[in-house]
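Each remark here refers to the structure printed beneath this line.
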Amino acid sequence: MDPVTLLLWAAAAASGAIGWSGRFECLPVALGVLLCWRWSRSRGEALGVGLAYYGAASFGLVNGASMFFGSATGWSSPGVLVWVGVSLLLAIPWALLWSPNFATRASSRVIHGILLGLVLLLPPIGLLSGVNPWVGGAAAMPGLGVLGLLLVTVSLLAPDKKTWPGWASALALASALACGSYEPAPSMNWAGVSTRYGALRDRSPTEEYDMATDAWRRAAMSDADVVLFPEGVGGTWTTSTASLWALGAQESERETVWVVGA
């Protein structure tokens with residue numbers, strides 16, 4: 144195996160693992176996969192870059208999917224298959240949109256990079272791309288929206304050996320200005336209802352149901368502008384949920400938003 148190929152794949156995996164390690168300040172590291180993609184020398188290398196990135200970034204999917212399919216250990220064949228399948232599906236656009244012209248034409252890299260971003264951001268592929276590297280661009284350019292994503296894409300894909308210092312300096316300056324001037328939106332007045340009781344196993348289902356109903360009512364009657372409910376309150380097929388929605392009709396007079404299934 145070519146050492147350069149292994150290096151590209153390792154760097155892509157590192158950008159995914161570090162960028163999606165759970166720390167917000169690490170998100171921009173995920174953008175490193177774009178550099179690995181632009182430096183790929185073949186479609187196969189580009190596919191490997193995408194696969195390494197998504198495999199490392201979404202490794203937690205193995206445990207989550209295994210638990211979804213009923214595995215008590217958090218590790219199962221269905222979980223591994225889901226992880227590999229999703230990673231491969233998301234890596235395919237990286238291979239299809241790679242071009243031999245990347246080595247010589249900046250316009251090719253930028254245009255194909257923008258197309259790749261659109262494919263990964265929009266449905267149907269975008270529905271699965273929870274570890275999208277462009278989210279790192281949003282973290283590096285807060286408040287700039289689409290303009291920030293375009294700036295990041297162009298800054299990473301357009302430079303060549305002679306111009307990259309200038310592009311890197313401009314990107315760093317723009318990111319610093321965006322982060323320095325960004326003012327987070329004030330937090331909304333939200334209230335949530337949790338029906339998880341942890342280690343309280345001595346309670347009967349009836350007691351838990353009564354506790355949940357009481358929590359729902361207290362949240363519904365709070366001063367919150369938005370109230371989040373679990374999916375169990377949906378519908379009016381029980382006396383408790385019917386009375387809750389009757390209460391909701393009264394609350395609608397003050398324009399409270401109820402979100403069910405959160």
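For what it's worth, my numbering labels the leading residue of the sequence shown as 144, then goes sequentially. Ideal Cβ positions, reconstructed from N, Cα and C, are used throughout, including at glycine. Small disclaimer: the values here were computed from a predicted structure and weren't measured.
Quick one: measure Cβ to Cβ for residue i and residue j, integer angstroms, because I've assumed they're closer than 8 angstroms.
| i | j | result |
| --- | --- | --- |
| Val-297 | Val-253 | 6 angstroms |
| Gly-291 | Ala-281 | 7 angstroms |
| Trp-241 | Trp-180 | 7 angstroms |
| Ala-367 | Ala-315 | Not a contact, Cβ separation roughly 41 angstroms. |
| Val-402 | Phe-372 | 7 angstroms |
| Phe-212 | Gly-222 | 7 angstroms |
Considering Cα atoms alone, identify which of the options is closest to residue i.
| i | options | result |
| --- | --- | --- |
| Val-274 | Val-227, Gly-162, Gly-335, Ala-208 | Gly-162 |
| Leu-231 | Phe-202, His-255, Leu-371, Gly-207 | Phe-202 |
| Val-147 | Ser-242, Ala-156, Ser-183, Leu-224 | Ser-183 |
| Leu-93 | Pro-308, Gly-187, Ser-318 | Given that the chain is displayed from residue 144 to residue 405, the structure contains no residue 93 and the question cannot be resolved. |
| Ala-199 | Ser-164, Ser-220, Ser-214, Leu-174 | Ser-164 |
| Arg-186 | Gly-309, Pro-243, Val-370 | Pro-243 |
| Val-336 | Ser-365, Ala-315, Leu-150, Ser-312 | Ser-365 |
| Ala-246 | Ser-219, Pro-267, Leu-178 | Leu-178 |
| Met-144 | Trp-218, Glu-188, Val-227, Val-176 | Glu-188 |
| Trp-226 | Pro-327, Ser-251, Ser-272 | Ser-272 |
| Ser-312 | Val-295, Gly-323, Pro-327 | Val-295 |
| Ala-249 | Asn-332, Leu-224, Leu-299, Ala-154 | Leu-299 |
| Asn-332 | Val-369, Thr-306, Ser-214, Gly-323 | Val-369 |
| His-255 | Pro-267, Pro-266, Pro-236 | Pro-236 |
| Asp-303 | Ser-158, Ser-251, Leu-258, Ser-220 | Ser-251 |
| Tyr-197 | Glu-398, Ala-154, Lys-305, Gly-323 | Ala-154 |
Confirm, please, whether the CB-CB distance from residue j to residue i is below 7 angstroms.
| i | j | result |
| --- | --- | --- |
| Trp-277 | Gly-260 | yes |
| Gly-286 | Tyr-325 | yes |
| Ala-234 | Leu-190 | yes |
| Ala-195 | Ala-156 | yes |
| Met-284 | Ala-321 | yes |
| Leu-150 | Gly-279 | no |
At a cut-off of 6 angstroms, is residue i close to the ligand ADP when judged by its beta-carbon and the heavy atoms of the ligand?
| i | result |
| --- | --- |
| Pro-308 | For the structure depicted, the ligand ADP is absent and the ligand set is empty, with no information on it obtainable. |
So, is the C-beta of residue i closer than 7 angstroms to a C-beta in chain B?
| i | result |
| --- | --- |
| Ala-281 | Among the protein chains of the structure shown there is no chain B, as only one such chain exists. |
Measuring CB atoms only, is the segment 162 to 175 touching the segment 204 to 220, in the sense that at least three cross pairs come out at less than 8 angstroms?
no
Unbroken stretches of the alpha helix (DSSP H), 4 residues or longer, contained in the segment 198 to 272
203 to 211, 220 to 239, 249 to 264
Ranges of the alpha helix (DSSP H) found wholly within the segment 157 to 197, counting only runs of at least 4:
175 to 181
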